[in-house]
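Undergrad: Numbered as in this note's numbering, the sequence shown ends at 317 without a single skipped number.
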Amino acid sequence: MPMTDSQHDKLKLQGLQVELAQLRAALRAVEAPAPNEAALRAQFREAVRRKAIEEAMVSRGGGSWRLPLAAAATVVLAIGVAIGALVLRVERPVPEPLAATSPEAASVAVGAFQPLSSAPRLSPSSSYSVVRVRIPLSAFAVVPGTVQDGTIEADLLVGEDGLARGIRFDEADAALVSVAAQSRQ
Numbered sequence: 133m134p135m136t137d138s139q140h141d142k143l144k145l146q147g148l149q150v151e152l153a154q155l156r157a158a159l160r161a162v163e164a165p166a167p168n169e170a171a172l173r174a175q176f177r178e179a180v181r182r183k184a185i186e187e188a189m190v191s192r193g194g195g196s197w198r199l200p201l202a203a204a205a206t207v208v209l210a211i212g213v214a215i216g217a218l219v220l221r222v223e224r225p226v227p228e229p230l231a232a233t234s235p236e237a238a239s240v241a242v243g244a245f246q247p248l249s250s251a252p253r254l255s256p257s258s259s260y261s262v263v264r265v266r267i268p269l270s271a272f273a274v275v276p277g278t279v280q281d282g283t284i285e286a287d288l289l290v291g292e293d294g295l296a297r298g299i300r301f302d303e304a305d306a307a308l309v310s311v312a313a314q315s316r317q
């Protein structure tokens, strides 16, 4: 039959009580050593004598050298900081800032947007967004099925409805597009 927790606790408690009784019986026989009065007095006198020697050394100046040394070190440190501050504060001529000497960007002639054939007319009263895109050269292939590597960049004019309304090619890419368009005709 399994033991319950309370039965287990009772057995544990009984075991502890037995062990404590054995410990008490063992400690009854132990006694403190007899006091050795002479040895205790000798130790006390020795401690008093050591303390008196230490106090005499301090009063004669044996340990008083630390305070003047600390004061001298503080003065030297303060003088060093003051001299360092003066050296760093010397006014040096401030160089005038140089203007950025980047070459001026060549003004790129920006052409007008060309309306897309599938888009409604461009209206000056409408709001548009400009989106930069890369178009693969294969989209301008003269002969269908030919592969042309590379891309060109163009700006798309996008209306409020999200549909492209016009396109503008970069100046460098415009020649390539016009050659491709002429070849198609």
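Idealized CB from N, CA, C, for every residue including glycine.
(1) Which partner residues does Pro268 have in the DSSP bridge list?
(2) Is Pro200 helix, strand or coil by DSSP?
(3) Report the CB separation of Ala319 from Ala251 in whole angstroms; it is logged as a contact under 8 Å.
(4) Quick check: what's the CA-CA separation for Leu209 versus Met189?
(5) Starting from the Cα of Ser259, find the closest Cα among Ser270, Leu289, Gln246 and give me that residue.
(6) Could you please give me the residues that DSSP links to Arg300 through a beta bridge?
(7) Provide the residue(s) that pair with Val208 in DSSP beta bridges, ordered along the chain.
(8) Is the shortest distance between the beta-carbon of Val290 and the beta-carbons of chain C less than 9 Å?
(9) Helix, strand or coil: which one does DSSP assign to Ser261?
(10) Inspect the beta-carbon positions of Arg300 and Asp287 and report whether they are closer than 9 Å.
(11) Does the ligand ZN have a heavy atom nearer than 8 Å to the CB of Pro225?
(12) Check each candidate in Ala203, Asp302, Trp197 and name the one with the smallest Cα separation from Gln246.
TA: To lay it out plainly:
(1) As a working note, residue 268 is residue 136 in the sequence shown. DSSP, once it has assigned bridges, lists Thr283 as partnering Pro268.
(2) Within the sequence shown, the letter at position 68 stands for residue 200. It is helical.
(3) Look at the range of the chain in this structure, 133 to 317, and you will see that residue 319 is not part of it.
(4) On the sequence shown, position 77 is the one that residue 209 refers to. On the sequence shown, position 57 is the one that residue 189 refers to. Distance between the alpha carbons of Leu209 and Met189 is about 30 Å.
(5) For the purposes of this step, residue 259 is taken as residue 127 along the sequence shown, with counting starting at 1. For Ser259, the nearest C-alpha among the options comes from Leu289.
(6) Reading the sequence shown from its first residue, position 168 is the one you call residue 300. Asp287, per the DSSP bridge assignment.
(7) Indexing the sequence shown from 1 puts residue 208 at position 76. Partner(s): none; Val208 has no beta bridge.
(8) Of the chains in the structure shown, none is chain C; there is only one protein chain.
(9) Working through the sequence shown from its first residue, we reach residue 261 at position 129. If DSSP states are grouped into helix, strand and coil, Ser261 belongs with the strands.
(10) Along the sequence shown, one-based indexing puts residue 300 at 168. Along the sequence shown, one-based indexing puts residue 287 at 155. Yes, Cβ-Cβ distance for Arg300 and Asp287 is below 9 Å.
(11) Although the ligand ZN was asked about, the structure shown includes no ligands whatsoever.
(12) Taking the first residue of the sequence shown as 1, we reach residue 246 at position 114. Here the closest residue by C-alpha is Asp302.
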